[in-house]
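Asks: I have a structure I would like to understand better, so I am pasting it below and will then ask my questions one at a time.
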Amino acid sequence: MASIGGRSRELLGQVGRQLTGRVQRRVRPSHTTAVDQVISQAQVAPRSTRGEVTRTMRPTTAGRLSLRRMPDRAVRAESYADGVPRWIRRYGLMAWLFLGIVIVVGMIVFATSRIQAVFIAVFIALVVTSLLDPVVTALARYVPRPLATVLGLLGSFAIVAGLVTYVVTSVTTQWATLSERFGDGINQILEFFESGPLPWHFTQAEINNAINQLIDQATTYVQENAGDLAGTVLSNAGAVALIFTVLALSLFITIFFLARGAQMWRWFLNQLPTRNRDQVHTAASAGWYTFSGYARGTMIVAFADGVLAFILLTVVGVPLAAPLAVLVFIGAFIPLIGAPAAMIVAAVVALAANGIVSALIVTIGVALIGQIEGHILEPLVMGKQVSLHPVIVALGVTAGTFLGGLLGAVVAIPLIAVAWAVYSSVRQVDPPMDEPPAATPRRARRALERRGELEARGRMSDDLDTQD
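Residue numbers (my numbering): 8 to 475.
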């Protein structure tokens, strides 16, 4: 009977050890039961010289304590492994991720600079596609989409050609009158510098001498650097050929984007794993919505600026009103610096043609047009499609100008807006707070003291577990 009892206890001990191993692998163990008490007692009970477990009536809590404290000990061991707290590990990982993102962005910028012509062609194609897609979609209800694409492109070409023809015709017809008015305006400017209210004065002879010196210096420079200038002209001829190549490539890409853009995007999604298609499509849709909204909104705002500038210059009586309005229209595509540059050119023309009063009126009027654009037109036209803080716009334009010159200034804002839209579509947003909590020295000291107490308790618990 004793041997049978010993074997049963050994068998019970083996079963208990197996059950204990399974339970300890669980993240959240259940409450200790009577079976757990028996198993724990069998494991920790002393053994006799014959290998049998000695009976004992002492209650044990070793199994219960190890089961309950196992997850906390694992977390604390992970927290203080190698003496590095968890918050340093977490923020260190975030720093490495940020560094990786910066490296990827830098590689993209470098690759784009190496194939700048292709990037410009694709960007122009995307802009034209975003502008003409509503027109082509409307025409596709009545005719096949390829024919609607051709009609939309031909209509846009006709509008641009008509605008250019009007500007050139207005300049050529007013050229004789403009030369006389510019001569009179320059004489008025010279008289203003000679006998005006300024604290310093320049006589016409001094100004003529300065102009003649500049002309002589320019002539000497051309004679001494004729070879370099010829090479520059040849390189500019190559640049002109490159411009036509970029325009032809952008036209080719635009035709396919307008005619078969949906099929091309569907083919791209089919190359991705099924689990990633919805997320990629959502992010790309958000980016395209923002990009197209920015392109259309900028076009509408630029057209409104051009019309208002044309009305202002016509009312004031400034010559070349149409070309200057076109210049304002083009300058609206360059954030922050385009409109002021167009304003300076218009003010100079008004000063040379009509005098200082007309120049001041044009300057104030163009400044008011800029305020109307920033506070009324852009919020009304773009709405929430493009919502970037002015600081982000300024930083983006500055960085784009340093990286890519004028082209970088033009493409910086739409690229930043698209990147933010894509990020906003894939991130998980927590509930916003009205205002940040007040961070007082007393509250900060209490938080540090409480953190120190928790860490001390964790170390003490680890020491007790080690002693057990």
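For every residue, glycine included, the Cβ atom is placed at its ideal position computed from N, Cα and C.
Bear in mind that the values here come from a model prediction, so they are computed numbers and not experimental data.
Going by Cα to Cα distance, which pick from 320, 340 and 349 is closest to residue 334?
Replies: Of the listed residues, the one whose Cα sits closest to residue 334 is 349.
Asks: Quick one: what does DSSP say residue 150 is sitting in, helix, strand or coil?
Replies: Of the three classes helix, strand and coil, the one that applies to residue 150 here is coil, per DSSP.
Asks: Can you say whether residue 353 is buried or exposed, counting buried as having 16 or more other CB atoms within 10 angstroms of its CB?
Replies: Its Cβ being crowded by 16 or more others within 10 Å, residue 353 is buried.
Asks: Would a C-beta distance cut-off of 8 Å place residue 222 and residue 129 closer than the cut-off?
Replies: Contact: no.
Asks: Distance, Cα to Cα, residue 104 vs residue 434?
Replies: Distance between the alpha carbons of residue 104 and residue 434 is about 16 Å.
Asks: Mapping the DSSP letters down to three states, classify residue 108 as helix, strand or coil.
Replies: Residue state, collapsed to three classes: helix.
Asks: In this structure, how does DSSP classify residue 220 when only helix, strand and coil are distinguished?
Replies: Of the three classes helix, strand and coil, the one that applies to residue 220 here is helix, per DSSP.
Asks: Between which two residues does the alpha helix (DSSP H) harbouring residue 325 extend?
Replies: Residue 325 -> no alpha helix (DSSP H), and no H or E assigned at all.
Asks: What is the DSSP secondary structure of residue 302, counted as helix, strand or coil?
Replies: In the structure shown, residue 302 sits in a helix (DSSP, three-state: H, G or I).
Asks: Taking residue 403 as part of the alpha helix (DSSP H), name the residues at either end of that continuous run.
Replies: It spans 397-433 - the alpha helix (DSSP H) in which residue 403 sits, taken as one unbroken run.
Asks: Between 336, 312 and 181, which has its C-alpha nearest residue 360's C-alpha?
Replies: Looking at the Cα atoms, 181 is the closest of the given residues.
Asks: What three-state label does DSSP hand residue 339 in the structure shown?
Replies: Coil at residue 339, not helix or strand.
Asks: Shortest alpha-carbon distance to residue 194 belongs to which of 287, 362 and 171?
Replies: Ranking 287, 362 and 171 by Cα distance to residue 194 puts 362 first.
Asks: Helix, strand or coil for residue 344 per DSSP?
Replies: Coil, per DSSP.
Asks: Grouping DSSP H, G and I as helix and E and B as strand, with all else coil, what is residue 113?
Replies: Three-state DSSP puts residue 113 in a helix.
Asks: Specify the secondary structure class of residue 122 as computed by DSSP and reduced to three states.
Replies: Residue state, collapsed to three classes: coil.
Asks: From what residue to what residue does the alpha helix (DSSP H) around residue 377 run?
Replies: 363-379 is the span of the alpha helix (DSSP H), which, as asked, contains residue 377.
Asks: According to DSSP, is residue 232 part of a helix, a strand, or is it coil?
Replies: Three-state DSSP puts residue 232 in coil, outside helix and strand.
Asks: Taking the Cβ atom as the reference point for each residue, do residue 316 and residue 332 lie within a distance shorter than 8 Å?
Replies: Yes; because the gap between Cβ atoms is below 8 Å, this pair is in contact.
Asks: Check whether the stretch 129-141 and the stretch 255-270 touch, using three or more Cβ-Cβ pairs below 8 Å as the test.
Replies: Touching, per the Cβ criterion.
Asks: Taking the alpha-carbon of residue 374 as reference, which of 385, 347 and 355 has the nearest alpha-carbon?
Replies: The shortest C-alpha separation from residue 374 is found at 347.
Asks: Taking the straight line between their C-alpha atoms, what separation do you get for residue 247 and residue 123?
Replies: Cα-Cα distance, rounded: 15 Å.
Asks: Here's a check: name, in chain order, each residue in its chain whose Cβ is nearer than 8 Å to the Cβ of residue 271, leaving out the five neighbours to either side.
Replies: Closer than 8 Å at Cβ, skipping near neighbours: 263 and 264.
Asks: Taking C-beta to C-beta, are residue 320 and residue 369 nearer than 8 Å?
Replies: Against a cut-off of 8 Å, the Cβ pair of residue 369 and residue 320 comes out as a contact.
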